[in-house]
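Working notes, structure below.
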Ligand SMILES: *Cc1c(COP(=O)(O)O)cnc(C)c1O
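Numbering (the numbering used here), first residue to last: 875 to 1097.
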């Protein structure tokens, strides 16, 4: 089931990449395992997918520990924090996450820096951008990102790797295009080296067409 799902996803990635002349092997698939059991996580890992995304620190800590116990060789997994991160969870989060996609304030970056210094870690992060007007979403407004990134650059133990966004829910994936396009143009303007994390199960093809480097897939893989 999972194997067939991923194969289908891979085929769709190849088609989308062909449209825009992108290299499908360079698209990172983060397997979003929130709500999934260890069995499912082990299965994607055994298929060679080592980027694991979780949106809650507590759940991730438990799974991280359990997977290490099952097989210490699994330490090659890259853990991605994709959900909103509260300051009081930062200390736990930075012990396990390789990339935090959801830095949405300078204050949060400062807390990450403070805790990272304590454990001598350089924490890779993405800045989450609120590309739509939805009230419920976290993230910097597009016009805030430049100033915020300048502040965050000054932090010794936080390393900005790029930008992340979540498109609003829509019946038609094409509606996400304008938000993805906005994120890409912002990246091109601020730092062409930055990666962009955008696209989920319903809209990852559009995201790839708009230049995503990292896509985050839950249902497309596990349902
Ligand atoms: C759950 C989640 C995903 C994956 O969503 P699917 O629609 O299941 O692919 C991606 N990104 C974030 C931030 C999420 O919370």
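Don't be surprised by glycine CBs; every beta carbon is placed ideally from N, CA and C.
Close-in-space but distant-in-sequence residues of the same chain around residue 1084 (CB under 7 angstroms, 5 per side omitted): As a first step, residue 1084 is located in the chain shown; it is residue number 210 there, counting from the start. Cβ neighbours of residue 1084 beyond the five flanking positions: 1051, 1054, 1055, 1058.
Pairwise C-alpha distance: residue 1045 and residue 1073: In the chain shown, counting from the first residue as 1, residue 1073 sits at position 199. In the chain shown, counting from the first residue as 1, residue 1045 sits at position 171. Each residue's Cα considered, the two are about 14 angstroms apart.
Cβ-heavy atom distance, residue 956 to ligand 1, below 7 angstroms: As a working note, residue 956 is residue 82 in the chain shown. True, at least one ligand heavy atom lies under 7 angstroms from that Cβ.
Alpha-carbon spacing of residue 981 relative to residue 878, whole angstroms: Residue 981 sits at position 107 when you count from the first residue of the chain shown. Residue 878 sits at position 4 when you count from the first residue of the chain shown. Distance between residue 981 and residue 878, taken at the CA atoms: about 42 angstroms.
Euclidean distance between Cα positions of residue 1041 and residue 1093: For the purposes of this step, residue 1041 is taken as residue 167 along the chain shown, with counting starting at 1. For the purposes of this step, residue 1093 is taken as residue 219 along the chain shown, with counting starting at 1. Residue 1041 and residue 1093 have their C-alpha atoms spaced approximately 16 angstroms apart.
Three-state secondary structure assigned by DSSP to residue 995: What you label residue 995 is simply residue 121 of the chain shown in a count that begins at 1. In this structure, DSSP gives residue 995 a state outside helix and strand, which the three-state scheme calls coil.
Supposed close pair residue 1003, residue 1039 - CB separation, criterion 8 angstroms: Position 129 of the chain shown, counting from 1, holds the residue named residue 1003. Position 165 of the chain shown, counting from 1, holds the residue named residue 1039. Indeed, because the Cβ distance is near 5 angstroms, the residues count as touching under 8 angstroms.
is_contact[residue 1051, chain C] using C-beta, thresh 8 angstroms: No chain C appears in the structure shown, which is made up of a single protein chain.
In DSSP terms, what residue 955 is bridged to: Reading the chain shown from its first residue, position 81 is the one you call residue 955. Residue 955 is bridged to 928, 974.
Classification of residue 1097 by the beta-carbon crowding that lies within 10 angstroms, buried from 16 upward: Translated into the one-based positions of the chain shown, residue 1097 becomes position 223. Per the 10 Å Cβ criterion, exposed.
Contact test: residue 972 Cβ vs ligand 1 heavy atom, cutoff 7 angstroms: Translated into positions along the chain shown, residue 972 becomes position 98. No, Cβ of residue 972 sits at least 7 angstroms from all heavy atoms of ligand 1.
Residues near residue 1027 by beta carbon distance below 8 angstroms, same chain, minus five either side: As a position in the chain shown, residue 1027 is number 153, starting the count at 1. Closer than 8 angstroms at Cβ, skipping near neighbours: 1034.
Distance CB(residue 985)-CB(residue 999) smaller than 8 angstroms: Taking the chain shown and counting its residues from 1, the one referred to as residue 985 is at position 111. Taking the chain shown and counting its residues from 1, the one referred to as residue 999 is at position 125. No, they are not a contact pair.
Contact check, residue 1089 vs residue 904, beta carbons under 8 angstroms: Counting from 1 along the chain shown, the entry for residue 1089 is found at position 215. Counting from 1 along the chain shown, the entry for residue 904 is found at position 30. Residue 1089 is a Cβ neighbour of residue 904, given a cutoff of 8 angstroms.
C-alpha gap between residue 1010 and residue 960, whole angstroms: As a first step, residue 1010 must be located in the chain shown, where it is residue number 136. As a first step, residue 960 must be located in the chain shown, where it is residue number 86. The C-alpha of residue 1010 lies about 16 angstroms from the C-alpha of residue 960.
Contact the region 911–918 vs the region 886–893: 3+ CB pairs below 8 angstroms: By the Cβ criterion, the region 911–918 is not in contact with the region 886–893, since fewer than three pairs of Cβ atoms, one from each stretch, lie closer than 8 angstroms.
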